[in-house]
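Here is the structure we will look at.
Residue numbers (the numbering used here): 26 to 757.
Structure follows, in structure tokens:
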């Protein structure tokens, strides 16, 4: 019997998670504790709580039966609109069998409408927010005039009776103590506005919601106050008449708008906070005007202004040609403003602002930047973001002999490669190579190949050798494929390669400030492997040649299984790919995931979800950045998102300050051996460390080591304080 009950609970586990997340999603969260707190808020009125619970349950079960994406169901995406409809109907109508049936139907309808709006708005990368709730609630309010068996509710009039039924005299005494707290009117209105999101016109509901919001997200809590008070003060400035009750039923629009546009759909920053000074007044004007229109139909405005302002703002931002306003939209939603911010700022540090499609060096071996961005000669104004490359010898010369002929130059006739996968857009292949010291200004760019790598992303490689280009327009090319040879055509007195990134497929187009990925740079006596780079003039640059053994150790293949054994523990990881084609290592035992991206040269871990006591988490930290190729003594450096490495309690204050300043840091270093040994005779040891700091002062340090041989990864060791984990690796 106990086994059957356990199996039943396991089968229904998804429903419990989805229900709690549905409540939390009202505030854009998937925090289960926050969801449970909000669920309890709705049960201040028991019947209203039951109505909301029934609507959510029917919606989630319908979504499950209809076969919608399970991860979205579990996150509550298809439940929170049903919840709002349920509590709205529960507060508006008297309890009856027909009402319960209508609430059940409304839950199913909210799923269908949510999926429909997801399909329509999703084409433009926009959320459906609470539009399904608004449309369904208005529909019922209009139709109810003809429902003779539905009586209007007097709920709220006998609140004390309802509370006595729920918790007896102690609950009533606590409720009255809270309700009559001596707090300023504006703060009282703030709490009432939070409660009004769930149709609960009580101070207790608002205080519980505010505390839950604070625990869930410090940034969201701060934004809720900022949005509310901007709206509150704007009412006063305009002299718009309002009462505490009437304002609380629309004030939550400004709270939700501030959270959505200040930190959830837009990365929290100084600018995201400042733009609320304009957006919230617009929401106020929209609320007041819409209320005048809807009053004639006896319909509440409820969250309609929040939906409109948020959607038109997000849609308008998609048409920007630059980000001078400093408002960056989310590219990977992690359901808290803090996680979104920490991941975004760390991504920018690691990979740069425009490197979603990596562009690599277009040649083999080591070349020198002889003219960089904003060059002395030709890289100026709209064409300033470009590089000229040549090859130099140990004496710093670019040619042998006297340098009188193009063939004397080391770079002349060397293979030029496609810098990334793409399609050839334009080819010029018939311009004569110049005599040394002369220029062809009529055919300025000389022989050229332009390759399209993505929308508004093209590379241009110019001054190539005549008749050396083997590709033609329309050909697909792979990264590293030969697309020509270095020459001396066009405006080129000496053989060199001109390389630039641009947004259009035309010869002569303006350049883009777009970084090169995974570049080994030697500059002013220092050598570093840079994930993204804009190498300066006189820098020596090259792409490392990957070692097959290193790739075997760390180039994880989907479907591969990896087993790690310690003295006391064992974990089995499977390499998987999710719905969005992101690759990750999954440990079923600890229900943990470590997301990564890998190419020919590098492994980067990008995100972790799960238990920090797992071996997988320690491996994620240690293998955060791995190069498959290396030179003797190479050091790799990187930084972690602070929420991925610091204890959540230790970043509580940092969360408040994060949009303005990060004082916590977590830095990664990986050291390759001083001698470049092969793998045949002796295993390779990679050692590294992780250093956490606060205000520049070192805190906790960790040390790790990988042992790699010809068969791949042999073992992994991690040491932090008294913790010492050594695991032996077996691939299956």
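Even glycine gets a Cβ: it sits at the ideal position worked out from N, Cα and C.
Just so you know, these numbers come straight off a predicted model, no measurement behind them.
As computed with DSSP, residue 636 is found in no beta bridge at all.
Counted as a single uninterrupted DSSP element, the beta strand (DSSP E) harbouring residue 448 occupies residues 447 to 453.
Closest option to residue 358, judged by alpha-carbon separation, among 352, 349, 368, 351: 368. A contact is defined here as three or more CB-CB pairs under 8 Å, and the region 306 to 323 fails this definition with respect to the region 127 to 139. In this structure, DSSP gives residue 395 an extended state, which the three-state scheme calls strand.
Runs of the beta strand (DSSP E) lying entirely within the region 437 to 507 and spanning at least 3 residues, in chain order: 440 to 442, 447 to 453, 472 to 479, 482 to 489. As the crow flies, the alpha-carbon of residue 41 is around 22 Å from that of residue 618. Going by beta carbons, residue 509 and residue 458 fall outside the 7 Å limit. Looking from the CA of residue 334, the closest CA among 152, 656, 524 belongs to 152. About 7 Å separates the CB atoms of residue 353 and residue 291; that is less than 8 Å, so the two are in contact. Using a 10 angstroms sphere on the CB of residue 748, the tally of other CB atoms stays under 16, which defines it as exposed. Contact between the region 117 to 132 and the region 74 to 87 is present: 3 or more CB-CB pairs across the two stretches fall below 8 Å. In the DSSP assignment, residue 664 is bridged to 692. Shown here for residue 113: same chain residues with a beta carbon closer than 7 Å to its own, the five before and five after excluded, namely 162, 224 in chain order. Boundaries of the alpha helix (DSSP H) harbouring residue 313: 301 to 320, taken from the DSSP string. CA-to-CA, the gap between residue 544 and residue 401 works out to about 23 Å. Contact annotation, residue 697 with residue 711: C-beta distance approximately 6 Å; criterion of less than 8 Å satisfied.
In terms of Cα proximity to residue 733, the closest of 690, 674, 572 is 572.
By the C-beta criterion, the region 623 to 638 is judged not to be in contact with the region 583 to 603, since fewer than 3 inter-stretch pairs fall below 8 Å. Scanning its chain for C-beta atoms nearer than 7 Å, with the 5 sequence neighbours on each side dropped, one finds around residue 265 the residues 313, in chain order.
Closest by C-alpha distance to residue 621, out of 637, 436, 566, 649, is 649. Partner residues in the beta bridge of residue 599, as assigned by DSSP, are 586, 611. Taking a 10 Å sphere around the C-beta of residue 488, we find 16 or more other C-beta atoms and assign the residue as buried.
Residues of the same chain with a CB within less than 7 Å of the CB of residue 329, apart from the 5 flanking positions on each side, are 159, 315 in chain order. Counting only the Cα atoms, residue 91 lies some 25 Å from residue 149. Taking a cut-off of 8 Å on C-beta distances, the region 431 to 447 touches the region 499 to 507, as three or more cross pairs fall below it. Around the beta carbon of residue 610, 16 or more other beta carbons lie within 10 angstroms, which makes this residue buried.
For residue 71, DSSP assigns no beta-bridge partner whatsoever. Counting along the chain, residue 163 sits inside the alpha helix (DSSP H) bounded by residues 156 to 168. Contact between residue 360 and residue 54 holds, since their C-beta atoms are separated by about 6 Å, short of 8 Å. If only complete runs of 4 or more residues are kept, the region 343 to 385 shows the alpha helix (DSSP H) at 362 to 376, in order along the chain. Bridge partners of residue 413 according to DSSP: 396, 523. Fewer than three pairs of CB atoms, one per stretch, sit closer than 8 Å, so the region 678 to 691 makes no contact with the region 652 to 661. Here the region 213 to 231 makes contact with the region 101 to 116; the two share three or more CB pairs at distances below 8 Å.
When DSSP reads this structure, residue 747 sits in no beta bridge, so it has no partner.
Here residue 89 carries a helix assignment [DSSP, helix/strand/coil].
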